[in-house]
Amino acid sequence: MSKLCSFTMFVLILLVALSLPKCLMGQRGVAPRDLWCVAKNNAVDQALQEAINWACGQGGANCGPIQQGGACYDSNDIQRTASWAFNDYYLKNGLTDDACYFSNTAALTSLNPSFDKCKFPSRNNTDGAR
């Protein structure tokens, strides 16, 4: 009787394992999620400006779109400006948590920060306001 019980248990476990959705079986089958690196809502403007200066300078981010006349230029919204610079740096530097830190003024989001003609690229969609 114990052999029958063991065999039945094995079959049940096998059936459960085979019926799991692919997303629960590991990375294969999981659709990659778009993520963007954006400025935190509670970040201080001065800290954001310092982070923008670094990202657009030493960091090597493409900040053309946030310059006057660019598709993402908005002199009244430092959050948007910082978000563009942060996201561009993030995409160019390995898509890691460390590449989206900026002295704790940035965070990853799955909410697309694009607005008007300013289209933010993501890891799955690199078309943007470049």
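Throughout the sequence shown, residue numbering follows mature numbering (1 follows the signal peptide of the UniProt record, and there is no 0), covering -26 to -1, 1 to 104 in sequence. C-beta atoms are modelled at their ideal positions from N, C-alpha and C, and glycine is treated no differently. Keep in mind that this is a model prediction, so the values were computed, not measured.
Nearest to residue i by CA position, among the options, is which residue?
i, options, result
"A17", "Y75, K91, A45 and R7", "Y75"
"L85", "S96, A73 and T55", "S96"
"D90", "D19, N15 and G44", "G44"
"N15", "I26, E24 and R54", "R54"
Taking Cβ to Cβ, would you say residue i is nearer than 7 Å to residue j?
i, j, result
"A13", "L22", "yes"
"C46", "W28", "no"
"A80", "F94", "no"
"L65", "L9", "no"
"G33", "Y63", "yes"
Assign residue i to one of three DSSP states: helix, strand, or coil.
i, result
"C37", "coil"
"L22", "helix"
"T79", "coil"
"F94", "coil"
"T17", "For the record, residue 17 in the displayed sequence is Ala; it is not Thr. Three-state result, A17: coil."
"C30", "helix"
"Q1", "Low confidence applies to Q1: its pLDDT is 47, below 50, so where it sits in the model is not reliable, and the reading given next is rough at best. Coil."
"C11", "strand"
Residue i: buried (16+ other C-beta within 10 angstroms of its C-beta) or exposed?
i, result
"D51", "exposed"
"G68", "exposed"
"R7", "exposed"
"T70", "exposed"
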